[in-house]
Structure formats: structure tokens, C-alpha cells
Amino acid sequence: MTVSAANNKAFAMETLFLRGGRVLDPASGFDGQADVVISDGVIARIAPGAEAPAGARIVDCKGLWVTPGFIDLHVHLREPGQEYKEDIESGTRSAAAGGFTAVCAMPNTKPANDSRAVTELMVRRAAEVGVVRVYPIGAISLGLEGKTLSEMGELQEAGCVAVSDDGLPVMDIELMRRALEYARGFGLTVIQHCEDLTLSRGGAMHEGAVSTRAGIRAQPAAAESAMVARDLELVALTGARYHVAHISSAESIRLVREAKARGLPVTTEVTPHHLTLTDAACACYDTNTKMNPPLRPESDLEACRVGLADGTIDCIATDHAPHSPVEKDVEFEQAAFGVTGLETAIPLTLALVREGRMTPLTWVSRLTDAPARVLNLPGGKLSAGAVADVTIVDPEERWEVRASEMLSRSKNSPFVGQTMVGRAVMTIVGGRIAFAGERFGSNV
Amino acid sequence: MTEATFPHRHLLGIEGLGAQELNTILDLSERFLEIADRPIKKVPTLRGKTVINLFLEPSTRTRTSFELAAKRLSADAVNMSGSASSTVKGETLIDTAQNIDAMAPDVIVIRHAQAGAAMQIAKHVRAGVVNAGDGAHEHPTQALLDCSTIRAHKGKIAGNTVCIIGDIANSRVARSNIFALQTLGAKVRVAGPRTLLPLGIEAMGVEAFDRLEPALEGADVVMMLRIQTERQAIGRFPNTREYSRYFGLNRARLALAKPDAIVMHPGPMNRGVEISSELADGDRSVILEQVSRGVAVRMAVLYLMAGGAEAERP
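From first to last, the protein sequence lines are chains V and X. Per my numbering, the very first residue in the first sequence carries number 1; after that it's consecutive. Per my numbering, the very first residue in the second sequence carries number 445; after that it's consecutive.
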């Protein structure tokens, strides 16, 4: 992998001794108390009762979970072009604060990331100012217009790890077929935002009893599942690797489960908000409850939770989508789709562990080795010799989400003001501390 | 008169209001009704109060009705109109609201093409906000004037069967009426082509029909809605000719309702489409009375919103 973040800068780094935490490494299945020694950017040793190396900075991890660094396959960093919402620096700081050591940046920048030049810019900026690893995702089509294939070969060479026209589904079925075939030749996964635009027609929320009462133009869940069904036919035709972005409806999940049973190379992700909030949240016209796919009824949320627990849904991805008041302090139907998500992902999804729906190890897997496997990314494991991307989580910390304390440049979160349980307290990227919470003395 | 108690700063919708609150407005409006028959159609009740009619969606009759209501109460009424969304001007809806609020009006009456706009504005201003129609969400004063009209003809709302016919999906009038009529004890049916009956409408407690005939059977009140062709992104029915044939109100269909059933329409009518001219002008029609009562209802609402409790009574 050619892409990496600021952590490659060549100067001596301190040795870290993570003492007495609960080490969770889904890749090896390890779940137990151990000390972790990090030196020269790699995991030197994991063992219970290890000796702290001389001069090491000792991090007391008693009561904390020590896990591989979290990987988010779906974020919008807005650079280049919309730096008033977010940029690579603020976005990666937000990621580090949320416990993520690597993020995949969607191509709907301005200009779109449909060329080597844009990819190279993102890679360079990530190396200069990024505090976590940034893996760009290239466009499927030029300008995300759904007409002409982008130069996927060069995009990959420049550092793209997948292709997607995220936000804009590829409506033309032949173009989608050719994209899958062409991407397959370069070993690139095609990520689709599934929404049949001729059915959704710009609907601002999920169509059902809540939209009917609120009088908001809405889109049916079938707009998503119809495209999942269509694309799965193409996956069967082409044999290409295909990833459904931010899956949200029970029917889409059923289709993916069935396709996996048939052996098709399909994967999918779910966002924390689609596991947490129902469409009832839209009834007050709070534009921070407007995202695409929209919030769904409880039956769809339940299907998402079951799917994530049984592995039909491979991983958790935030779809972190920063927007400014210009896009959000407007009429509901006029407002931009999207909410921020990096800094609230841990507590929102930890709820599944607290409710007994999955073990801590499975939860960690959905944020580490599973997303790494989806796009064949490095990282996602915590074992001797591995690159030292590590997340330390306090599963019990209670904290209030405050807009003023968010590191993302944008504050468009529906969770502002709410009390959360669980938080990243330290994020280590390549052996360097990219973020340290209050208990460890401050932000780095 | 009885003490007018209305413990809300805004009137954003009918949903959530209780029967007693609705009756407070309706009773109060009866007091204001006769002012229209006076030689001097003005009382000093809201002297010194400012009402801004912020109409961001084209409207003639509702704006005029609110303006007359304010003026007959001696409030200073200012009309601001525009059809553009706030974002077109480069400022947000909240900016617009706060700028208007900075001029210290007592009441802002807002009409907007998009659902929720009144509620969003109300969160950011000190003035009382009256929703004069927000997209396909609510139009509370229309429902109140409809209730006022029904009450005048039927003695009470409770026990009546009201049939609302037409474009339920895109109608704020239908939603507000469903809430108001049910709260006041009426039975509500909705009818129209399946394409205009929104998903989950039954969850609002109404009975839904895709043919007019069974819906009209035994109805006390027939409320026709305007077919709003301009709101439809894609054709929801083939054309107005076919619509009229299956979903228009005519004499034969009205005969299915109770003999003393009244015919209502919020206007403006598409004569010959959703309602035949014969019925619109017939003796069962109460359409113009709805308009007259609209002014009185809006006077009552402005009175309550503009600190009416301490203001001078009519």
C-alpha cells in the first residue's frame, strides 16, 4: 500500500507500554488481559505481565479495551473543494477522536476524485496534515456523471482502494456492468450507493406512516432494494467484487444474505445511525435527521442489527458527511443529506454489545479486520510484528455530545446534546499517538 | 364570554391540540363573525400590535384573509412575499426568520411551499408563529374554518361522518382536517385514486377508499380537495377527464350521501374536474361561507397569538 498518513515522518518515536488492558484481536480470536509493547511503529510484544521496556511511556489500560485500529470504509473529507465543511486535517482529527486509524475517503469532492491528479492531491495532503491513514476511493465515472468510465487503472496506481460514485448511484445498467468488469481486471471493488433515482425522486425521508403524517416527500425502501437486486444480477454476470454502501432496509439485507449463500462476492456495511434512529426522528423536521439512505422504521433497524450480528453485514462504516449551516439551516426538503458520524460511532454501536446482541470481539471485528478484508486493506489486526495501529476504548465512559467539542469542522449530528456511553480514549497510528482523551492528558 | 385560554405561543398545526383548545378558537371566532356585518368593520383589540404575513409561496386568498383579519383587529399588518426558497437568496431559512424577528413583530404568519418550515422558524423567533400552510403538512386555520362551518350547519362536529375526497397525498388541508375533526369526535373517511392516498394514511385513524361511492354513502359532510397538478413530479392519474369521471363530485354521487349533507371545498376550485359547477353553486354548497368564516377564525387566532388574553376584548 502506497498511501499512508503523517505517521511516516522519519524521526524517533517513543516506545509505548499499554499496561493491563483487555486486548481484543478478532483476527486471532484473542480476548484477554495483556500488556502491549509498541516500538518503532510496530507491535513488539503482546503478553500478560510483560516487562515495561526502559524509557517506555506507560499507558495504564486497566478497565479499557485495547483493539486494532478502527477502519472506516466510508467518510467524506470534503477536500478538495468544500473545505468550509471539512478538510483532510479536521476530518482525520475527527476520525482519530472517534477511534479510527484509517478512513476511506469518498470521491464526491470538487472536482470529483475521478483522476490521478485529485487522488495524488489527497494522498499528499493526507501525508502533510492527516493524523490517520487516508485511503482515497476513486470515481466509477467521470465527474460522477454515470456516463463514461473513469481511469480506474491510474486511480488505483495513484492510491485508490476502490471505486464508487457514492451519493450518485450508477443508474445506467450497462455502465454498471462495464464498471464491474473493468474494475475486476484491476482488482478494485465497486461500491454502490443503492437507490433507484426514478423511484426515489428526491424523496427527503423514508416513505411510510411518519412521512405521510409530516407531509414530507418521501422515498420507499424499495428504491434501495430494487437497485441491490439489479446489481446482484450483474455481480452474478461479471463475477466482480461488489460492496453495498450503507445498507438500510430489511429487504436489501435479505438479498445480500441470499447472494452470499450463493457464493457471490458481495459485501456490505451499515452506519451507526441506521442502527440507532428510526424515521420517527424526522417528524420534527430536524435536518440533522436527514440522510440518504433515510432513517427507516424499527423493523428495518432490527434487520440491520441482526444482519450485523450474523455477519450478513460485514462491517460498520460511518458515512461521515459534514455539512455547514448553509446546507442544513434550511427547509427539510431543501437540506443536504448527511450527518457526521466519526466521533459518535463507538458509543452508538457499543449499544449492541450492552444489549447482548454481539460479543465485544465481534463488535471489534466489525470495525477492524472485517472492513480491512472488504477492501483488502492493511491493518485490522493486533499481533506481534503488525503495524501499530491501535485503538483504546473505555466502554463505560459517559459523556455528552457537544457541538463545541467536536473536532469535525461541521456539527451536523442528530446526537448533539445526548449522553453517550463508551468512547475512544487513545488512538495510535503507526506507533504514534494521534489522539489522547482527557484521561491521558489531552488531545495530541 | 368565557375566558379564552390557549396555552401555546404558536399555532403550527392542529396535531397535538386538544378538543378544548380547538373549541376555544372556534367559540372566539363566533364573536368576531358579526364584525363583518358592521358598517365600521374594525375593533381596536390589537391596536399597536404588528403582524407580518410572510408568504413564501404564492397565495391570494389566504394572505388576504389574514391581512383582513389583522386589520379588522386594528393590528398593523405588513405583507412580505416571494416565491423563492431562502437558499436561492444565499441565506438560510433561519436567517430569514431571525431578520424578520429583529423587527419585533408580535406575530409572524408564514406560508411556505415546504413541510416543516413554520416549525423550523418558530424555534428561532420571539414572535408568535401562525402556520398558514407548509407544504403538504398542515394548514391549521383552514381546518378551523372548516370546523366552524360544519358546526354552524350540523350543530356540532361530534357524530358526523366527513368524507375528504381527492389529492390526500399532497394536501395539508386534508391532514389538518383529519386531526381537527377526529379530535372533535367526527368520523373521517378519505377517498381518491390509490396514487393519491399516501402510504400509511390509515395509521392516522381514517378509513381509506379507492372509489368514491362507498366513501360517500351516508356522509354528513363532503369535502372536496383541489387537484394540484403543479405539485406532481410524475403523473398520478392519466388526465383530468378520467379523474373527473371516476373521482369528481356530481349530483348522482352526492345522492349517496345523507340528504342534508353539505358540500365543502377549500378553494380554488377546478370547476368540472373535482366538482361540477352545478354542485359548487348549488344549495348544498357552503363554499363561500367557508371563506367568510375564515376571516373570523383568523381574527380569533391572531387575537390569541398577539397576547390576546391581556389585550382588550371585542
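Glycine included, each C-beta is placed from N, C-alpha and C at the ideal position. These figures come from a predicted structure and were not determined experimentally.
One or two residues paired with residue i in a DSSP bridge
| i | result |
| --- | --- |
| residue 363 of chain V | Its beta-bridge partners do not exist; DSSP assigns none. |
| residue 149 of chain V | V:141 |
| residue 575 of chain X | X:554 |
| residue 668 of chain X | X:609 |
| residue 47 of chain V | V:35 |
| residue 729 of chain X | X:707 |
| residue 188 of chain V | Bridge partners of residue 188 of chain V: none, in fact. |
Minimum Cβ-Cβ distance from residue i to chain X less than 9 Å
| i | result |
| --- | --- |
| residue 250 of chain V | no |
| residue 84 of chain V | no |
| residue 326 of chain V | yes |
| residue 104 of chain V | no |
| residue 285 of chain V | yes |
Amino acids of chain V, ordered along the chain, whose beta-carbon sits closer than 9 Å to that of residue i
| i | result |
| --- | --- |
| residue 537 of chain X | 329, 330, 331, 334 |
| residue 616 of chain X | 215 |
| residue 672 of chain X | The contacting residues do not exist; residue 672 of chain X stays about 13 Å from chain V at best. |
Straight-line Cα distance separating residue j from residue i
| i | j | result |
| --- | --- | --- |
| residue 601 of chain X | residue 622 of chain X | 12 Å |
| residue 39 of chain V | residue 16 of chain V | 7 Å |
| residue 208 of chain V | residue 201 of chain V | 15 Å |
| residue 66 of chain V | residue 555 of chain X | 55 Å |
| residue 652 of chain X | residue 618 of chain X | 12 Å |
| residue 698 of chain X | residue 689 of chain X | 14 Å |
| residue 181 of chain V | residue 346 of chain V | 36 Å |
| residue 41 of chain V | residue 566 of chain X | 54 Å |
| residue 99 of chain V | residue 304 of chain V | 22 Å |
| residue 240 of chain V | residue 184 of chain V | 5 Å |
| residue 287 of chain V | residue 205 of chain V | 10 Å |
| residue 224 of chain V | residue 266 of chain V | 16 Å |
| residue 171 of chain V | residue 711 of chain X | 41 Å |
| residue 564 of chain X | residue 27 of chain V | 48 Å |
| residue 60 of chain V | residue 46 of chain V | 15 Å |
| residue 642 of chain X | residue 612 of chain X | 7 Å |
| residue 407 of chain V | residue 93 of chain V | 6 Å |
| residue 755 of chain X | residue 518 of chain X | Residue confidence is low: residue 755 of chain X scores 44 on pLDDT, short of 50, so the model does not pin down where it sits. Its coordinate-derived value is still stated next. Their Cα atoms are separated by approximately 12 Å. |
| residue 243 of chain V | residue 220 of chain V | 21 Å |
| residue 557 of chain X | residue 576 of chain X | 10 Å |
| residue 68 of chain V | residue 388 of chain V | 8 Å |
| residue 746 of chain X | residue 551 of chain X | 7 Å |
| residue 58 of chain V | residue 367 of chain V | 26 Å |
| residue 106 of chain V | residue 422 of chain V | 27 Å |
| residue 281 of chain V | residue 380 of chain V | 34 Å |
| residue 136 of chain V | residue 122 of chain V | 7 Å |
CB contact below 9 Å: residue i versus chain V
| i | result |
| --- | --- |
| residue 454 of chain X | no |
| residue 624 of chain X | no |
| residue 642 of chain X | yes |
| residue 619 of chain X | yes |
| residue 645 of chain X | yes |
| residue 459 of chain X | yes |
| residue 464 of chain X | no |
| residue 613 of chain X | yes |
| residue 597 of chain X | no |
| residue 745 of chain X | no |
Chain V contact residues for residue i, given Cβ-Cβ distances below 8 Å
| i | result |
| --- | --- |
| residue 542 of chain X | Residues of chain V passing the Cβ test: none, with the nearest at roughly 10 Å. |
| residue 587 of chain X | Residues of chain V passing the Cβ test: none, with the nearest at roughly 13 Å. |
| residue 580 of chain X | 215, 216, 217 |
Contact list for residue i against chain V, beta-carbon separation under 7 Å
| i | result |
| --- | --- |
| residue 561 of chain X | 331 |
Legend entry - Proximal residues, the stretch 310 to 321 of chain V versus chain X, C-beta separation under 8 Å: none
Inset, instruction - Please name the residues in the stretch 197 to 219 of chain V whose beta-carbon is closer than 7 Å to at least one beta-carbon of chain X, in chain order. - result: 201, 207, 208, 209, 212, 213, 214, 215, 216
Inset, instruction - Using a Cβ-Cβ cut-off of less than 7 Å, list which residues of the stretch 705 to 739 of chain X approach chain V; keep chain order. - result: none
Inset, instruction - With 9 Å as the limit, tell me which residues of the stretch 644 to 665 of chain X have their beta carbon closer than that to any beta carbon of chain V; keep them in chain order. - result: 644, 645, 646, 647, 648
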